[in-house]
């Protein structure tokens, strides 16, 4: 990327790095093809991962990006990120699910609604909490645990055990979030 930006008729250049005007003419540096490919890879990776944010999708929808056929074609093109040689670089895998959902007209119509984006955001949070809980990655500081939270984790009453583990997880998460909302940490 060139550090210089041409001013006016081209006699002067503005050095972006030093914020000074330079009277000498400078030719912009040309990047190698490999550097350009690396930059394109990084830009596309970052954009694909930004699709993991339902609020960003709502922002794009409200500004009419999903009505632009060129933009929709670009989203189709980005589906190559689902291939194993590319998806291994993705940090937020939910972006691939949302990218796939963006291929459907019905989803494009619904994501304009902020409530839809909020619902997806909440579901992604629940998915993340469930994953962390199942893998033992949630660590709670014992000095900050509210008094009434232990009943959620130390339930020994066999009659209250539900057969559907997904309901258990969602109920636990909702209960924990309700309790934590009322506590001051």
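Numbering (the UniProt record's numbering), first residue to last: 1 to 185. By construction, the Cβ of each residue, glycine as well, lies at the ideal position given by its N, Cα and C atoms. Small disclaimer: the values here were computed from a predicted structure and weren't measured.
Check, Outcome
"Given a cut-off of 8 Å, decide if residue 108 and residue 79 are closer than it, judged by their beta-carbon atoms.", "no"
"Which of helix, strand or coil does DSSP assign to residue 112?", "coil"
"In three-state terms, what does DSSP make of residue 74?", "helix"
"Grab me the residues of residue 89's own chain with a C-beta within less than 7 Å of its C-beta, minus the 5 sequence neighbours each way, in chain order.", "45"
"Assign residue 119 to one of two classes, buried (16 or more other C-beta atoms within 10 Å of its C-beta) or exposed (fewer than that).", "exposed"
"Out of curiosity, what's the CA-to-CA distance linking residue 50 and residue 69?", "20 Å"
"So the candidates are 59, 81, 121; which of them puts its Cα closest to the Cα of residue 42?", "81"
"Tell me which residues share the same chain as residue 96 and place their Cβ nearer than 6 Å to its Cβ, disregarding the 5 neighbours each side in the sequence.", "82"
"Where do the N-terminal and C-terminal ends of the alpha helix (DSSP H) with residue 98 fall, by residue?", "94 to 101"
"Please classify residue 54 as buried or exposed, where buried requires at least 16 neighbouring CB atoms within 10 angstroms.", "buried"
"When you compare the CB of residue 63 with every CB in chain B, is at least one pair closer than 8 Å?", "As a matter of chain content, chain B is missing from the structure shown, which is built from one protein chain."
"What is the C-beta distance between residue 75 and residue 103, in whole angstroms, given that I count them as a contact (C-beta under 8 Å)?", "7 Å"
"Could you check whether residue 117 and residue 57 sit closer than 8 Å to each other, using their CB atoms as the reference points?", "yes"
"Using the three-state DSSP reduction, which class does residue 34 fall into: helix, strand or coil?", "helix"
"If we ignore side chains and look at the alpha-carbon of each, how far apart do residue 123 and residue 32 end up?", "43 Å"
"For residue 255, which of helix, strand or coil comes out of DSSP?", "No answer is possible for residue 255: the residues shown for the chain start at 1 and end at 185."
"Report the residue from 86, 112, 126, 105 whose alpha carbon sits nearest the alpha carbon of residue 48.", "86"
"Taking only the alpha-carbon atoms, compute the straight-line gap between residue 64 and residue 52 and give it to the nearest angstrom.", "19 Å"
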